[in-house]
Amino acid sequence: MELTGQRVLAFVDEEFEDLEMWYPVLRLRESGAAVDIVGPKAKTVYHGKYGVPITTDYAFDEVKSSDYIGLYVPGGWAPDKLRRYSDVLRLTQEFHAAAKPIAQICHAGWVLISAKIVQGYTMTSTPGIRDDIENAGATWVDEEVVVDRNLISGRRPPDLPAFSKRFVEELAKFSK
Numbered sequence: 001m002e003l004t005g006q007r008v009l010a011f012v013d014e015e016f017e018d019l020e021m022w023y024p025v026l027r028l029r030e031s032g033a034a035v036d037i038v039g040p041k042a043k044t045v046y047h048g049k050y051g052v053p054i055t056t057d058y059a060f061d062e063v064k065s066s067d068y069i070g071l072y073v074p075g076g077w078a079p080d081k082l083r084r085y086s087d088v089l090r091l092t093q094e095f096h097a098a099a100k101p102i103a104q105i106c107h108a109g110w111v112l113i114s115a116k117i118v119q120g121y122t123m124t125s126t127p128g129i130r131d132d133i134e135n136a137g138a139t140w141v142d143e144e145v146v147v148d149r150n151l152i153s154g155r156r157p158p159d160l161p162a163f164s165k166r167f168v169e170e171l172a173k174f175s176k
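With the UniProt record's numbering, the residue at position 43 of the sequence shown is 43, and numbering never jumps.
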């Protein structure tokens, strides 16, 4: 269990991509990490695009980035909501400033773009936000998972096995 005793923060809001939330969260937990689900309100049920629920542990304003070794942002339509919260942007910027691993998949790149942390990085995403990533100053590539320094990015649900494995590996390196 390479991440035993470590904590990872995962953002959520309504209409997250169900598999993109649950697959990495379960993989992280299988690796021994405690994953805190953090959304607009604590102890609240949020639903994925296909109706799968998840309950938050905390609200955005109740957590500190210093308590975690990494950040996970799932895709779906939730990232378009998440990027509008000042606490989400602040937390994302704090993780980045500390060079902690930040993983995002599919549309989740929107959060990193709005946090203004992608310039000069190489990333992937769903092709639908390729222009957004490039316009924010990053280089977009069509690969299942891309790691550039502390940013780990993935394209879409079929890439979840490789993406989740790599995120766990990057967290394990950081936690040593």
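Beta carbons are placed, not taken as given, at the ideal position from N, Cα and C, and that holds for glycine. What you are looking at is a predicted structure, and each value in this text was computed from that prediction instead of being measured.
Close Cβ partners of residue i (< 8 angstroms) along its chain, the five nearest in sequence each way excluded
i: Lys49; result: Glu15, Phe16, Glu17, Asp18, Gly76 and Trp77
i: Gly159; result: A quick correction: the sequence has Asp, not Gly, at residue 159. So the qualifying residues of the chain are Ile105, Glu144 and Val145.
i: Ser65; result: Leu9, Leu71, Leu91, Glu94, Phe95, Ala98 and Lys100
Cut-off 6 angstroms between Cβ atoms - residues of its own chain near residue i, not counting five sequence neighbours on either side
i: Thr55; result: Val45
i: Phe174; result: Ile69 and Pro101
i: Ala33; result: Leu3, Gln6 and Val8
i: Ala162; result: Glu144 and Val145
i: Arg156; result: Cys106 and Thr126
i: Ala103; result: Tyr72, Ile152 and Phe167
Rounded C-alpha distance that separates residue i from residue j
i: Val63; j: Pro127; result: 32 angstroms
i: Asp87; j: Tyr23; result: 25 angstroms
i: Val52; j: Asp36; result: 17 angstroms
i: Ile117; j: Ala42; result: 27 angstroms
i: Met21; j: Gly137; result: 27 angstroms
i: Val38; j: Asp13; result: 9 angstroms
i: Asp142; j: Tyr58; result: 34 angstroms
i: Asp61; j: Ser114; result: 18 angstroms
i: Gln93; j: Val25; result: 21 angstroms
i: His47; j: Leu112; result: 22 angstroms
i: Gln119; j: Glu134; result: 9 angstroms
i: Gly154; j: Glu170; result: 14 angstroms
i: Tyr85; j: Ala172; result: 29 angstroms
Nearest-angstrom beta carbon gap, residue j and residue i [assumed within contact, 8 angstroms]
i: Trp140; j: Ser164; result: Not quite, the Cβ-Cβ distance comes to about 21 angstroms (not below 8 angstroms), so this is no contact.
i: Ser31; j: Leu71; result: No, Ser31 and Leu71 are not in contact; Cβ-Cβ is about 16 angstroms, not under 8 angstroms.
i: Val168; j: Arg27; result: 6 angstroms
Same chain, Cβ closer than 7 angstroms to residue i, five either side skipped, listed in chain order
i: Ala108; result: Val73, Pro74, Gly75 and Pro79
i: Trp110; result: Pro79, Asp80, Arg83, Ile129 and Asp132
i: Asp67; result: Arg7
i: Arg166; result: Val145, Val147 and Ile152
Bridge-paired residues (DSSP) for residue i
i: Phe16; result: Gly48 and Gly76
i: Tyr85; result: DSSP, once it has assigned bridges, lists no residue as partnering Tyr85.
i: Leu171; result: Bridge partners of Leu171: none, in fact.
i: Arg7; result: Ala34
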